[in-house]
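J.:
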Amino acid sequence: EVRFGGQRWLFNGSIQPSEFSKLAIIIYIADWLSSKGEQIRRVSYGLIPFAILLGFITGLVVLQQSLSTAILIAATALTMFFIAGGNLWQMLISGILGGGTIVFLTAQSPYRLQRVATFFDPLNSDPLNQGYQIRQILIALGSGGLTGLGLGASRQKFGYIPASHTDGIFAILGEELGLLGSLLVIGLFVFLAYRGFRVAMAA
Numbered sequence: 040e041v042r043f044g045g046q047r048w049l050f051n052g053s054i055q056p057s058e059f060s061k062l063a064i065i066i067y068i069a070d071w072l073s074s075k076g077e078q079i080r081r082v083s084y085g086l087i088p089f090a091i092l093l094g095f096i097t098g099l100v101v102l103q104q105s106l107s108t109a110i111l112i113a114a115t116a117l118t119m120f121f122i123a124g125g126n127l128w129q130m131l132i133s134g135i136l137g138g139g140t141i142v143f144l145t146a147q148s149p150y151r152l153q154r155v156a157t158f159f160d161p162l163n164s165d166p167l168n169q170g171y172q173i174r175q176i177l178i179a180l181g182s183g184g185l186t187g188l189g190l191g192a193s194r195q196k197f198g199y200i201p202a203s204h205t206d207g208i209f210a211i212l213g214e215e216l217g218l219l220g221s222l223l224v225i226g227l228f229v230f231l232a233y234r235g236f237r238v239a240m241a242a
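Going from the sequence shown to this note's numbering is simple: count from 1 and add 39.
1) Please name the residue in ARG80, VAL155, LYS61 whose C-alpha comes closest to that of TRP128.
2) Check whether the Cβ atoms of ALA210 and ILE176 sit closer than 8 Å, and answer yes or no.
3) Check each candidate in ILE66, ARG151, GLY181 and name the one with the smallest Cα separation from ARG194.
4) Where does PRO203 sit, in a helix, a strand or coil, going by DSSP?
5) Short of 8 Å in beta carbon distance, which residues of its chain neighbour MET119, apart from the five on each side in sequence? Order them along the chain.
6) Look up TYR84 in the DSSP assignment and say whether it is helix, strand or coil.
7) Which ranges would you report for the alpha helix (DSSP H) in the region 94 to 151 if only whole runs of at least 4 residues count?
8) Quick check on VAL41: buried or exposed, where buried means 16 or more other Cβ atoms within 10 Å of its Cβ?
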């Protein structure tokens, strides 16, 4: 099914395959990296096979017109590669090639170029077109104030913010729970990351 210009959904929009691929890729790459051991530092055993594997996976996602998901998958995989023992030169080469690919793919799509321009200058973009979503998100966050309008009392989720249940979920949370509630949620994510690193260091 095509949504927002991309073929990313199955079963009448209820399943997005790339979400399953994120978890599957993390598990697979973790197993693949652990099997390499110290050989991960060797370009022929580490970087080249890793780049081919990652390029194939992200290439499939890009073909579905979901560059942001491909970037997220690549960034996660590169972080895992570095933690597994990839040296700094390998990461530098990967970063240059990956960054160049992102720039190239963005330059080939007027839609992506417009999104980048809107991101860097949201308040001066067309308020009814390219800048509409980010303006409505800012309105929602601003309306929340310090303590919010109350749980379930958001007004912006009723048709003002596109995809309010996905892309705009934090803005709705900020509107309902305010700055304090938003900081609490961010704090919970920081704590989750801290616990994750603790577990990883002890493994």
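Ideal Cβ placement from N, Cα and C applies to all residues, glycine included.
T.: To lay it out plainly:
1) ARG80
2) yes
3) GLY181
4) Position check: residue 203 holds Ser in this sequence, whereas Pro was assumed. Residue state, collapsed to three classes: coil.
5) ILE65, ILE68, ALA69, LEU72
6) coil
7) 106 to 122, 127 to 146
8) Per-residue confidence for VAL41 stands at a pLDDT of 45, beneath the threshold of 50, marking its modelled position as unreliable; no derived number is given.
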